[in-house]
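Chains as they are written, first to last, in the numbering used here: chain W, 11 to 124; chain Z, 4 to 118.
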């Protein structure tokens, strides 16, 4: 079975600083990879996804992520964080033989200092 | 295009009662998935329905059930509620093709509190 680990439960960065959120997955083949963001009291919004091809994917709100097969990682990055980026971020994987089921990591709560 | 809607948004029940939550997917989406989100267990997959059939099921007891109607709307039911069922229940819809690699669109969730 697949699993996802987000090692950092909380991260605090200053506004304007760069950001990297870590995500590691465990699966025998290449999974489909997603990053979602959740603001308080809200559902999940998709930031970006990786299915195949170019390992650097661009998403909404200036986010990007890089798939590294050798490290089983799919880290999320943003060059300059804005106060409105404060939220919880979830990495998720989907696989071919499980319908549309997503397996989520535990999430990383991002706080932004002014 | 309207997003995924969930009703009700908030619900308070007592132990032993049952509850039904509703989800209306985005128009044209035929796959509906349900997730439970709690502080302790995080986001966990409950089940997925596609064309009125349960396609996949997570590791939850039989007290959790669901169904999907011909218009793709879905309901989930929890019987004999326990305190541990207090959670945010999220519904997600997606297009029917390219299973596994579909973008799933999430609703705002139903916050269930069991007293």
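Ideal placement from N, C-alpha and C gives every residue a C-beta, glycine not left out.
Note that the coordinates shown come from a computational prediction; the quantities given were computed from them, not determined experimentally.
Bridge pairing for residue 111 of chain W: absent [DSSP]. Put simply, of W:83, W:93, W:71, W:33 the residue whose alpha carbon is nearest the alpha carbon of residue 19 of chain W is W:33. Within chain W, the residues placing a beta-carbon under 8 Å from that of residue 51 of chain Z are 109, 110, 111, ordered along the chain. The contact set of residue 58 of chain Z on chain W, defined by CB atoms closer than 7 Å, consists of 109 in chain order. Within the model, the alpha-carbon separation for residue 87 of chain Z versus residue 117 of chain Z is close to 8 Å. In this chain, the beta strand (DSSP E) harbouring residue 44 of chain W covers 42-48. Contacts with chain W at 9 Å (Cβ-Cβ) include residue 48 of chain Z. Chain W has no Cβ within less than 9 Å of the Cβ of residue 71 of chain Z. By alpha-carbon distance to residue 95 of chain W, the top candidate from W:60, W:110, W:46, W:66 is W:46. Per DSSP, the unbroken beta strand (DSSP E) holding residue 13 of chain W starts and ends at 13-15. Sixteen is the threshold: since fewer than 16 other Cβ atoms of the shown chains lie within 10 Å of the Cβ of residue 13 of chain Z, the residue is exposed. About 6 Å separates the beta carbons of residue 36 of chain W and residue 12 of chain W, which is inside the 8 Å limit, making them a contact pair.
Within chain Z, the residues placing a beta-carbon under 9 Å from that of residue 56 of chain W are 106, 107, 108, 109, ordered along the chain. Of the residues Z:66, Z:79, Z:48, the one whose Cα lies closest to the Cα of residue 60 of chain Z is Z:48.
In the structure shown, the three-state DSSP call for residue 87 of chain Z is helix.
Residues of the region 21-52 of chain W with a C-beta less than 7 Å from any C-beta of chain Z: 42, 52, listed in chain order. Within the same chain, 95, 97 come within 6 Å of residue 107 of chain Z by CB-CB distance, once the 5 residues on both sides are set aside. Under a criterion of Cβ atoms nearer than 7 Å, no residue of chain Z is adjacent to residue 72 of chain W; the nearest Cβ is some 19 Å distant. The beta carbon of residue 61 of chain W lies closer than 6 Å to those of 42 in the same chain, with the five residues before and after it left out. Residue 97 of chain W: member of the beta strand (DSSP E) spanning 97-104, first to last residue. Pairwise C-beta distances place the region 56-73 of chain Z out of contact with the region 5-19 of chain Z, as fewer than three of them are shorter than 8 Å.
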